[in-house]
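**Student:** Encoded as structure tokens, here's the structure I'll be asking about.
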Amino acid sequence: MRISAGTTVNIVGAGLAGALLAVLLARRGLAVTLYERRPDPRQSRPERGRSINLALAARGIRALERAGVMQRVRPLMIAMRGRMVHERSGPSALQPYGQREHEVIYSVGLADLNLVLIEEALRHPNVAVRFNQQCTGVDVGGNRLRLRDTVSGSGHELELAPAIATDGAGSAVRASLAAAGLVTVREQWLEHDYKELTIPPVAGRPALETHALHIWPRGGFMLIALPNTDASFTATLFLARSGAQSFADLDSGAAVAGFFASQFPDAVPLLPHLAAEFAQHPQGQLGTVHTAPWHLEGKVLLLGDAAHAIVPFHGQGMNAAFEDCRALDELLDRHQDWETLFAELERARRPNTEAIAQMALENYVEMRDTVLDARFVRLKGLGLALERRFPERFIPRYSMVMFHPEIPYAEALRRGALQAQLLDELDPGEAAGAAPDLARAERLIRERLPPIG
Ligand SMILES: Cc1cc2nc3c(=O)[nH]c(=O)nc-3n(C[C@H](O)[C@H](O)[C@H](O)COP(=O)(O)OP(=O)(O)OC[C@H]3O[C@@H](n4cnc5c(N)ncnc54)[C@H](O)[C@@H]3O)c2cc1C
């Protein structure tokens, strides 16, 4: 079907990607209807224990800018300049993320961001959002989108129109396509779960340094905390589901208190509601989802987490989902039929979402473990020094992912591997006063790393 102004699109899921996509498509004059399982967020507060805040970085910001919504989003953002690493004993230390003023990431509340995006979508007369509408599946052959009203419990059907599914990691659309044998899905669940806790303000002031992402790395597990605009922090414990030192072990208030006192002693006074929150808040699962294909006959497209959920350790799931939306919008400049558009989107995005899925898994080990390692800190410093000297050829992988949206994820992964090898060869070692051989560094960089872009 040809795409032109007035063409109708159904979006399943008015979460982060769905709401942003609605804004982008509405700006092109398309008629968008969003179907969202939850109630209207303008009239209700989010579920407790799922009020996560997220790290927003350059890729996400670029997509939000394209949609013209940054003016509304900016007040929600708190700059985080680096990782504040809390060791079990001893002082905490800030490891900067980048080395230029703008090389920071931003903490933003998911519920607040989602609300702003829904409000921005609804400013367009050609957008409608139907809340309390749960998609129960699609029938591609019969061209039907199946919905259930969560208030009345009644079911109804619509034409697909097409439907773009942004219904998240547990996508019902993806599940129904898989059940019909139309897509293959591979879900890799992590053996580690997460639980959110609150660090409230103390006498109205933040209990920790505001402009940092706090990490308590402990080898096999970690606690992190990101700042909120109300001076509180949302802390998240990432821990094995079962086995030694696991959620299964923490089955009583005493066990939780003992674990935190021994592992995170400086965090305990900051968590006054630890016992109650630990008992009440849900224990979330984490995993990577690989789906193929993402689209069918120009009738259905999976986008964002519905197509490619990843683990959160690079802080890129939302950023990647927003980048999907931007990519789709850019492709609309060149393609005027759904089937070609969806196929081109998958072709362009899949190598990149596969790459960030891999880098996100690798980053878990880095965050919970190697940030404490002297060699890791030394090579991180060397990487930043090489970037200062050869900025057109050497950019640390973390910086490529977080601060350089013009470098695709797949390219960041590929160059990152070459750079890691190079850093390994240039590592001056632990001897006091040992310095890298910069002449050799220059020769190797010129040989192996062509200029970026
Ligand atoms: C602990 C944790 C920390 C994270 N930290 C970060 C981070 O720091 N940075 C980052 O970039 N990403 C992070 N992420 C990932 C990020 O949350 C997701 O990648 C992002 O929310 C994906 O957006 P989405 O719109 O695809 O899906 P979602 O945001 O999940 O939205 C899906 C929407 O669809 C609705 N829905 C679901 N099922 C149905 C249905 N059957 N019918 C109708 N509606 C439905 C949902 O209610 C929701 O509104 C984190 C994730 C977790 C779990």
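Residues 32 to 484, numbered by our numbering, are exactly what the sequence shown covers, in order. Just so it is clear, CB atoms sit at the ideal spot from N, CA and C, and this is done for glycine as well. Note that the coordinates shown come from a computational prediction; the quantities given were computed from them, not determined experimentally.
First and last residue of the alpha helix (DSSP H) that includes D336?
**Tutor:** 336-339
**Student:** Is A386 near ligand 1, with its Cβ less than 7 Å from a heavy atom?
**Tutor:** no
**Student:** Please classify E418: is it buried, with 16 or more other beta-carbons within 10 angstroms of its beta-carbon, or exposed?
**Tutor:** buried
**Student:** In this structure, how does DSSP classify H345 when only helix, strand and coil are distinguished?
**Tutor:** helix
**Student:** Looking only at its chain, what residues have a beta carbon closer than 6 Å to the beta carbon of G80, apart from the 5 residues adjacent to it on each side?
**Tutor:** Note that G80 has pLDDT 44, beneath the 50 cutoff, so the model's placement of it is unreliable and the number below is only indicative. So the qualifying residues of the chain are E227, H312, P313.
**Student:** Pick out whichever of I255, A48, A275 has its Cα sitting closest to the Cα of F295.
**Tutor:** I255
**Student:** Quick one: Cα of T267 to Cα of M111, how far?
**Tutor:** Each residue's CA atom was taken as its position, placing T267 and M111 some 16 Å apart.
**Student:** A337 and G199 - do their beta-carbons sit closer together than 8 Å?
**Tutor:** yes
**Student:** Using 7 Å as the cut-off, classify the Cβ of Q314 as near or not near the heavy atoms of ligand 1, replying yes or no.
**Tutor:** Because no heavy atom of ligand 1 lies under 7 Å away, the Cβ of Q314 does not count as near it: no.
**Student:** Measure the beta-carbon distance from A86 to L239 and round it to whole angstroms, keeping in mind my assumption that it falls under 8 Å.
**Tutor:** That belief does not hold up - the Cβ atoms of A86 and L239 are roughly 16 Å apart, past 8 Å.
**Student:** Does the beta carbon of D18 fall short of 7 Å from some heavy atom of ligand 1?
**Tutor:** The shown model of the chain, from 32 to 484, leaves out residue 18, and the question about it has no answer.
**Student:** Just reading off the alpha helix (DSSP H) that M433 is part of, what are its end residues?
**Tutor:** 428-434
**Student:** Could you tell me if G346 is buried or exposed, where buried requires 16 or more neighbouring beta carbons within 10 angstroms of its beta carbon?
**Tutor:** G346 counts as buried, since at least 16 other C-beta atoms from the protein chains shown sit within 10 angstroms of its C-beta.
**Student:** So for D261, helix, strand or coil by DSSP?
**Tutor:** DSSP, read as helix, strand or coil, puts D261 in coil.
**Student:** If we ignore side chains and look at the alpha-carbon of each, how far apart do G329 and D71 end up?
**Tutor:** 30 Å
**Student:** Is the beta carbon of D297 within less than 7 Å of some heavy atom of ligand 1?
**Tutor:** no
**Student:** I need the straight-line Cα distance from T229 to L403, nearest angstrom please.
**Tutor:** 25 Å
**Student:** What does DSSP give as the partner residues of N84 in its beta bridges?
**Tutor:** Paired residues: G140.
**Student:** Return helix, strand or coil for G44, following the three-state DSSP convention.
**Tutor:** Three-state result, G44: coil.
**Student:** Which value, in whole angstroms, describes the spacing of the CA atoms of L333 and A210?
**Tutor:** Approximately 15 Å, taken between the alpha carbons.
**Student:** Under 6 Å Cβ to Cβ from Y440, same chain only, skipping five residues before and after it: list those, please.
**Tutor:** N383, A386, I387
**Student:** State buried or exposed for R131, treating a residue as buried only when at least 16 other CB atoms are found within 10 Å of its CB.
**Tutor:** exposed
**Student:** Going along the chain, which unbroken runs of the beta strand (DSSP E) with 3 or more residues stay wholly within the region 370-413?
**Tutor:** none
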